[in-house]
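Asks: Here it is: the structure, laid out below.
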Amino acid sequence: MVTSSGPLAGVRVLELGSMYAAPTCGRMLRDFGAEVIKVEDPVSGDYARQWTPMKNGQSMGFARINSGKRSVAIDLRTTEGRDLVRRLAAQVDVVIESFRPGRMAEWGIGYDVLSADNPGLVLTSVSGFGQTGPYRERPGFGTVAETGSGFAYINGWPETPPTSPPFGFADSIAGISAAMGTAMSLYRRERTGQGDHVDIALYEPLMFIVGDMILNYTGTGFVQGRVGNGTGSASPRGVYEAADGKWLSIAASNQGIAKRLFAAMGRPEMIEDPRYATNEVRMQHNDELQEIVKDWVAGRTRSEVLAVLEKFEVVCSQVNDASDIVVDPHYLDRTLVELTGSEALGKVLMPGPVLHVKSYDGPVYDGVPSIGEHTGEVLGELLKLDGDALDTLASAGIVKVA
C-alpha cells in the first residue's frame, strides 16, 4: 500500500498511457501524493523504455517520467486483459489513457462503461487532436503538435526553416495540462460526487501559449514570422555573447527594466531618446537597439555584465548547460532531486516537482519499476487474485508477474 502526505494523498491512478504526454500527467499526480499504477504490455512494456539516452540498458527519459510508479503488465489485446483493466478501473479515482479516440470504447472500456461501474471516476484522455473534431482519428505525436499549433513556424531565425524543439515540448505541456484538468475534475467530484472525462489534445496547450500570433492575425492580418531570440513584442530582449565567449540573456520587457538597463550601460539618456523612449518605438528601432546592447555586452566578461545588471535589478541570467545547472546552489537547494534505487543509473539528479506547496515537502523518487514488477501485489490487493489465479493468467500470457 502506498502512503503519502501530499495534497493528492489517497488518490489512486490507473495509467494506461505510454510514451510521454500521458505518463507526464501520471508523474505530475504522483509528485503530489497520488498512487500511480502503470499498466504496460507484458512483453515490450512502455515503448519509452527504449528511448535514448541510456545507461546500462536503462532509459533515462523513462526513468525521469516513471520513477515511483507501480508497474502492472497486462495484455490489453486480450479480452481477459481488458476485463482486468475494467475491474481495476472500478477501484481507482483516475484513469489516464492515450489511445486513439474511440479505441477504449471499441474495447468495451470507454468512459460510459467505466463510469457506470465507478460513477466518481475521472477519465483523462490524451490524444493528438482530441476526442472531437474532424481530425480526432488522426495519430499524433509531439512533433505534429509543435508544427500544427504554429509554434514551429515562429521558432528560429528568419533565414532558417521552421524549427521543432529537440525535446518533448508539446508532450510535456500537454501532460502538465492534463494533470491540471484531472485535479480540477477531482475537486468537482468532491463537491458533486460526479466523475468526468478530461479531453487533452497534444497541440492545444501549445497553441494557447503561442495564441497572440493568432489574435494578431485575426485582428490586423499580420502573419508573425521567426525573429530569433526576440519576442517580437518587447525590446530590448535577447541572448548575447560576452567578451569571454560565454552567453547570457537580458529581458527588458517593461519600461522600468528598460530604463534600468540603459542606466546600467552608462546610457541613462537613451530613455529620453524618441527612438527608445517607449516599447512601441523601441520595437520600431529594434535592430539598431539590439546592436547597442550587443556591443555593450561584448566589451565585458559574462560575470562582469551580470554583476552590473544585477546591481541595477535588470532581469538577466547566464545561459546554462547541464553542467552549470547541477552545481548551481539555487537549483540544488530548490529544484534538483536525486533519483535513487536504480543500479543501472547510479547517483543521478533530475528536476523535481514543477511547483511547491508549503504543506508538503515533495516526493521521494525511489527507483524505476521493471515491467510487471508490481503485477502480483496490485492484482492481489485490488482484485483479490491469489497465486493460482495469477499463475493461470501469466501462463496464458495475459499478465506478466515479476
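Residues 6 to 407 in our numbering are what the sequence shown lists, from first letter to last.
Idealized CB from N, CA, C, for every residue including glycine.
#1: Kindly indicate which residue of S130, G173, Q136, T137 has the alpha-carbon position closest to the one of E151.
#2: Which residues in the same chain as M6 place their Cβ atom closer than 6 Å to its Cβ, once the five residues preceding and following it in sequence are excluded?
#3: Locate the beta strand (DSSP E) running through A407, then write down its first and last residues.
#4: Taking the beta carbon of W301 as the centre, do at least 16 other beta carbons fall within 10 Å, making it buried, or is it exposed?
#5: Checking the sheet assignment: what are the DSSP bridge partners for K43?
#6: Fully enclosed by the segment 162-237, which beta strand (DSSP E) runs are 3 residues long or longer?
#7: Would DSSP call A401 helix, strand or coil?
#8: Return the bridge partner residues of D371 from the DSSP annotation.
#9: What's the C-alpha gap between K389 and S328?
#10: In chain order, what residues of the same chain have a beta carbon less than 7 Å from the beta carbon of S347, not counting five sequence neighbours either side?
#11: I need the DSSP call for M355, collapsed to helix, strand or coil.
#12: Count the other C-beta atoms from every protein chain shown that fall within 10 angstroms of the C-beta of R32, then say buried if there are 16 or more, exposed otherwise.
#13: Out of A206, L360, M189, Y208, point me to the one whose CA is closest to Q199's CA.
#14: Distance, Cα to Cα, P1 vs D333?
#15: In the DSSP assignment, find the alpha helix (DSSP H) that holds V149 and state where it starts and stops.
#16: List, from N- to C-terminal side, the alpha helix (DSSP H) runs of 4 residues or more that fit wholly inside the segment 262-313.
#17: Tell me which residue opens and which closes the beta strand (DSSP E) that S132 is part of.
#18: Okay, do the segment 278-295 and the segment 217-225 touch, 3+ Cβ pairs below 8 Å being the bar?
#19: Excluding the 5 residues preceding and the 5 following P167 in the sequence, name in chain order all residues of the same chain whose CB lies nearer than 6 Å to its CB.
#20: Could you tell me which of D201, G230, I101, P241 sits nearest to R280, measuring between CA atoms?
#21: Could you give the first and the last residue of the continuous alpha helix (DSSP H) run that contains I114?
#22: Around the Cβ of F37, are there at least 16 other Cβ atoms within 10 angstroms (buried) or fewer (exposed)?
#23: Give the secondary structure of Y25 by DSSP, where H, G and I count as helix, E and B as strand, and everything else as coil.
#24: Given S182, which residues of its chain have a CB within under 7 Å of its CB, disregarding the five upstream and five downstream residues?
#25: Looking only at C-alpha atoms, which of E195, P28, I262 sits nearest to V131?
#26: Are I42 and V99 close, meaning C-beta to C-beta below 7 Å?
Replies: According to the structure data:
#1: Position 146 of the sequence shown, counted from the start, is the residue given in the question as residue 151. Answer by Cα proximity: G173.
#2: Residue numbering aside, residue 6 sits at position 1 when the sequence shown is read from its first letter. At M6 the pLDDT is 49, less than 50, meaning the model places this residue with poor confidence and gives no usable figure here.
#3: Residue numbering aside, residue 407 sits at position 402 when the sequence shown is read from its first letter. Careful: A407 lies outside any beta strand (DSSP E) and carries neither H nor E.
#4: Along the sequence shown, read from residue 1 onward, the residue named residue 301 stands at position 296. So W301 counts as buried.
#5: Start at 1 with the first residue of the sequence shown, and residue 43 comes out as number 38. In DSSP, K43 forms a bridge with E20, S76.
#6: 201-206
#7: By 1-based counting over the sequence shown, the position of residue 401 is 396. Three-state DSSP puts A401 in coil, outside helix and strand.
#8: Position 366 of the sequence shown, counted from the start, is the residue given in the question as residue 371. D371 pairs with T345.
#9: Residue numbering aside, residue 389 sits at position 384 when the sequence shown is read from its first letter. Residue numbering aside, residue 328 sits at position 323 when the sequence shown is read from its first letter. Cα-Cα distance, rounded: 48 Å.
#10: The residue you call residue 347 lines up with position 342 of the sequence shown. Around S347: Q63, A68, G372, V373.
#11: Along the sequence shown, one-based indexing puts residue 355 at 350. If DSSP states are grouped into helix, strand and coil, M355 belongs with the strands.
#12: The sequence position of residue 32 within the sequence shown is 27, counting from 1. When all chains shown are included, R32 counts as buried.
#13: The sequence position of residue 199 within the sequence shown is 194, counting from 1. Residue M189 is the option with its Cα nearest to Q199.
#14: Residue 1 is absent from the structure shown; the chain starts at 6 and stops at 407.
#15: Here residue 149 corresponds to residue number 144 of the sequence shown, with the count starting at 1. Start and end: 147-153.
#16: 284-289, 291-303
#17: In the sequence shown, residue 132 corresponds to position 127, counting from 1. Element bounds for S132: 127-132.
#18: no
#19: Stepping through the sequence shown from its first residue, residue 167 is reached at position 162. A157, Y158, listed in sequence order.
#20: Taking the sequence shown and counting its residues from 1, the one referred to as residue 280 is at position 275. R280 has its Cα closest to that of P241, out of D201, G230, I101, P241.
#21: On the sequence shown, position 109 is the one that residue 114 refers to. Neither: I114 is in no alpha helix (DSSP H) and is coded neither H nor E.
#22: Your numbering for residue 37 matches position 32 in the sequence shown. Flag for F37 reads buried.
#23: Translated into positions along the sequence shown, residue 25 becomes position 20. Three-state result, Y25: coil.
#24: Here residue 182 refers to the residue found at position 177 when the sequence shown is read from its first residue. I205, P210, listed in sequence order.
#25: Your numbering for residue 131 matches position 126 in the sequence shown. Of the candidates E195, P28, I262, the one whose C-alpha sits nearest the C-alpha of V131 is P28.
#26: The residue given as residue 42 occupies position 37 in the sequence shown. The residue given as residue 99 occupies position 94 in the sequence shown. No, they are not a contact pair.
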